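Everything on this sheet refers to the single structure shown next.
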Amino acid sequence: MSLVALLRKELHWSKRNVLVVLFLVVLIPVFFAGTSLLFQDVLPRNVPVAVVAEDDSVTDEELETVAQTIDSFTNPRVAGSRQAAKRQLERESVYGIVTVPPDATTEGAEVQVTFTVDGSIVPFQSPSQVYQRLMEFYLDGLYDSDLTVEQRVDGERLDLNEYLFPTFLMAFAIFFAFTSVPYVFRREAAVMDRLRFETSLEAVVASKLVFLSTLLAGPIIVFHVANVYYGYGIDSLDPAGLAVLVLTFLLLATFATTVMVLALGARVSPGLFFDGPDDYRRGSPDPLRDDHRQEHDAQGREHHDVSGLARGPRRTGPALPARTGGRNRALQEECIGGE
């Protein structure tokens, strides 16, 4: 059986199970794509931030006062210098830097506190805007000056849902690899013995992996439509990204296939990995085929015994002469006794 014939068989199966295929490649991707919107309003609590002075004229007492003011919704840490605070932000020890200006306590002065975040820390981008407004509200009530908080982003800024969108697509590919492949092989475990006499195990596995890889086109299209509909700034059809997605799926699907074949135990011979169908036709040793033949012979003997019991006892050749000889001897003894 050629690879094209095996692919045609897989296509025929998908037509007969169209609801299962639609559930896997359409409904579940829609759920994953739509779930990305649920994370746009997530607000983390007790986020670590660094509090640093803009110049040397800012006292330690002012820094401690600012830290205590924002302590109710953050975890502030007073940094010794702006360079130290920058290193903490790069290492993600803190998620933001609050820079306190020198004239914060001056009455009537226009003061601008800077809240710096890193654009690479995507999960904090959207919540940082909420923290900016909270800081402005609490700090403006603390001082008599006209205080505002400005947010500054280092690097490119992305929303959390845009960050999670490709992550969910990869998560679906992993889910699809570890669910569809075991299901397909378990479904055909009973006919695996027959398939190996018509083709090789390598061709069967290759046909299934190729067919399941083509089904990934459905989730990719669903995610692309969701990307356009939501207006995400993501290139969902990037060739490099799609190549990584497909290769990851093939790698995990191959691993799942290996585990499934080994898990079948007595149902699949290890020689299937190395021997083709011609080797079996030439009479290569095969534990599975020998077990099948012994099982068939045992069933034949059992059927013969049951048939014999149904017909009743039957006289066999060797027993008849024995009975005949015994009857002749009895007649001879009777004649001798009569004489």
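Numbering (numbering that gives the first Met the number 0), first residue to last: 0 to 338. Quick reminder that beta carbons are idealized off the backbone N, C-alpha and C, glycines included. Predicted model only: the values in this text are computed from it and were never measured.
Around the beta carbon of Ser-80, fewer than 16 other beta carbons lie within 10 angstroms, which makes this residue exposed.
Under the DSSP assignment, Leu-138 falls in the alpha helix (DSSP H) whose first and last residues are 124-141. For Ala-83, no beta strand (DSSP E) encloses it; the enclosing alpha helix (DSSP H) starts and ends at 81-89.
Counting C-beta atoms within 10 angstroms of its own C-beta, Pro-238 has fewer than 16 neighbours from the protein chains shown and is therefore classed as exposed. Distance check between Pro-101 and each of Glu-109, Tyr-94 and Gly-95 places Glu-109 closest, using alpha-carbon atoms only.
Listed as beta-bridge partners of Phe-114 by DSSP are Val-97 and Gln-150.
In the DSSP assignment, Ala-49 falls within the beta strand (DSSP E) that extends over 46-52.
Contact check between the segment 51-67 and the segment 246-255: fewer than three CB pairs, one atom from each, fall below 8 Å, which does not count as touching.
Nearest to Asp-70 by alpha-carbon distance, out of Ser-92, Val-116, Phe-164 and Tyr-130, is Tyr-130.
The C-alpha of Tyr-231 is placed about 29 Å away from the C-alpha of Glu-135. Exclusion of the five residues before and after Glu-106 leaves Asp-143 as the residues of its chain whose Cβ lies within less than 6 Å of its Cβ. According to the DSSP assignment, Thr-68 belongs to the alpha helix (DSSP H) that extends over 59-68. For Val-77, the uninterrupted beta strand (DSSP E) segment begins and ends at 73-77.
Distance from the CA atom of Leu-244 to the CA atom of Glu-201, rounded to whole angstroms, is 23 Å. Annotation for Ala-78: Ala-49, Val-51 and Ala-84 place their beta carbon closer than 6 Å to its own, counting only its chain and skipping 5 residues before and after.
Going by DSSP, Val-224 is part of the alpha helix (DSSP H) stretching over 216-229. Under DSSP, Asp-145 takes part in a beta bridge, and its partners are Glu-109.
In this structure, the CA atom of Thr-113 is about 36 Å from the CA atom of Leu-168. Judged by their CB atoms, Val-116 and Asp-153 are nearer to each other than the 9 Å cut-off.
Contact check for Ile-219 against Ser-206 fails: the beta carbons are separated by 9 Å or more. Between the beta-carbon of Ile-120 and that of Glu-91 there is about 6 Å, and that keeps the pair under the 8 Å contact cut.
Across the structure, Gln-82 and Leu-241 are spaced so that their CA atoms are roughly 40 Å apart. In this structure, Phe-222 lies away from Ala-176, with their beta-carbon atoms at least 9 Å apart. For the pair Val-24 and Leu-214, the CB atoms are nearer than the 9 Å cut-off.
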